[in-house]
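Letter 231 of the sequence shown, counting from 1, is numbered 321 in the numbering used here, and no numbers are missing. Ideal Cβ positions, reconstructed from N, Cα and C, are used throughout, including at glycine. Reviewing the structure listed below.
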Amino acid sequence: MSLFLSQLFNGLAAGLLLALISTGLTIIYGTLGVVNFAHGAFFVVGAYAGYVVYGASNSFVLAIVVGALVALVIGLVVERGLVRLYYSRPPEDQILVTFGIGIILVEIVRGIFGGVSLSVPTPAWGQGIVHIGSLIYPLYRLQALLISAGTLVVLYLVLYRTSLGLIVRAGIEDSLMVNILGINVKRIFLLVFGIGAMAAGYAGVIDAPIVTLAPDMGFRVLVDSFVVVVLGGVGSFPGAIIGGIIAGEILSLTSMFDPAYSDVMLFVAMALVLIFRPQGIMGQEGRE
């Protein structure tokens, strides 16, 4: 029972982190219609930027801020310099160009830091364990869970309680109408792409003390994020959260019995959703 509860918490922590990453991915796709295969690279860039700042300043909070900002700036540059030219191009062109951007970013990271795996020490305020009833659980994993949950709440409030969020959600549904109303859709697109990249970089720093840093770690995150988007529904913020939690629990609980089958069960769940509810759990039927 103790192992089961521990894996349950691990799944929730991993799921909320996946939800945070997938939120950026689903907002970009829902608003811009771009399948962003560079999203995993933003996760890697944020994690390594946080690693550098944490090592130089010994402040993990500063590392989180800088990691998120670095991913934001790179996202803005990528959108303004290249991605915006592909909004009206076929989806396969968008996939190829974003995939190429992701490879370039990852190889730049590899060229700077090498291919050797790096570890990020747990911050002082996250060291130790916490007792939850009979369960003994690492303190930082619990804090990462709470940080991810709190960030998702902030993103929800921005998207559903502000005028900016209203414009973004309107752009998801009908960008042409938003443009007719006199709102500069291109600026909104730039902002949305930057927010999506920042969410990935932010999550990368949060996850850094839990996993081992490697330039290729973003590809696994990218695949899992797409599964989350499919489970929850394209363009759905609540769907990304629900899909992330489901994916995290599947990966965690399955690994308790046989880690080799955790990915298999995740894709089985995705296949079942595509068969019985193609629009996803919270997606809207009939959306293109």
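Item: Inter-residue CB distance, Gly-308 and Met-372 (contact presumed, cutoff 8 Å); Value: 26 Å between Cβ atoms; not a contact.
Item: Where the alpha helix (DSSP H) containing Val-220 begins and where it ends; Value: Here Val-220 belongs to no alpha helix (DSSP H); instead the beta strand (DSSP E) covers 219-222.
Item: 6 Å Cβ shell around Gly-218 - same chain, five flanking residues per side excluded; Value: Leu-229
Item: Burial state of Glu-182 (16 or more Cβ within 10 Å); Value: exposed
Item: Three-state class that DSSP yields for Leu-95 in the structure shown; Value: helix
Item: The region 125-143 touching the region 284-299, judged by at least three CB pairs closer than 8 Å; Value: yes
Item: CB contact flag (Ala-103, Ile-335, <8 Å); Value: no
Item: Unbroken beta strand (DSSP E) run spanning Ile-227, endpoints; Value: One point to set straight first is that residue 227 is Tyr, not Ile, in the sequence displayed. Element bounds for Tyr-227: 225-228.
Item: Alpha carbon of Arg-377 to alpha carbon of Val-258, nearest angstrom; Value: With a pLDDT of 48 at Arg-377, under the threshold of 50, the predicted position of this residue should be treated as unreliable, though the coordinate-derived value follows. Approximately 16 Å, taken between the alpha carbons.
Item: Backbone secondary structure at Arg-377 - three-state DSSP; Value: Confidence in Arg-377 is poor, its pLDDT being 48 and thus under 50, which makes the residue's placement too unreliable to answer from.
Item: Cβ-Cβ distance between Thr-188 and Ala-330 below 8 Å; Value: no
Item: Leu-303 - partner residues in DSSP beta bridges; Value: Leu-208
Item: At least 3 beta-carbon pairs within less than 8 Å: the region 155-170 vs the region 308-319; Value: no
Item: Collapsed DSSP secondary structure at Pro-368 in the structure displayed; Value: coil
Item: For Ser-326, three-class secondary structure by DSSP; Value: coil
Item: Presumed contact (8 Å Cβ cut-off) between Ala-290 and Ile-111, rounded CB distance; Value: 5 Å
Item: Range covered by the alpha helix (DSSP H) that runs through Pro-181; Value: 181-203
Item: Phe-283, DSSP secondary structure in three states; Value: helix
Item: Three-state secondary structure assigned by DSSP to Val-318; Value: helix
Item: Inter-residue spacing [alpha-carbon to alpha-carbon] between Val-206 and Glu-197; Value: 13 Å
Item: 7 Å CB neighbourhood of Gly-130 in its chain, flanking five on each side removed; Value: Gly-192, Gly-308, Phe-309, Val-311 and Leu-312
Item: Span of the alpha helix (DSSP H) around Ala-146; Value: 129-147
Item: Sequence-distant residues of the same chain with beta carbon closer than 6 Å to Leu-208, five excluded per side; Value: Leu-303
Item: The region 120-128 in contact with the region 167-179 per 3-pair CB rule at 8 Å; Value: yes
Item: Terminal residues of the alpha helix (DSSP H) in which Gly-216 lies; Value: It is not in any alpha helix (DSSP H) - Gly-216 carries neither H nor E in the DSSP assignment.
Item: Other residues of its chain near Ile-340: CB distance less than 8 Å, five sequence neighbours each side excluded; Value: Gly-101, Ser-352, Met-355, Leu-356 and Ala-359
Item: Any C-beta of chain B under 8 Å from that of Leu-95; Value: No chain B appears in the structure shown, which is made up of a single protein chain.
Item: Coarse secondary structure for Ser-178, derived from DSSP in three states; Value: coil
Item: Nonlocal neighbours in the same chain, by C-beta distance under 7 Å from Asp-314, ignoring five residues either side; Value: Leu-108 and Ala-337
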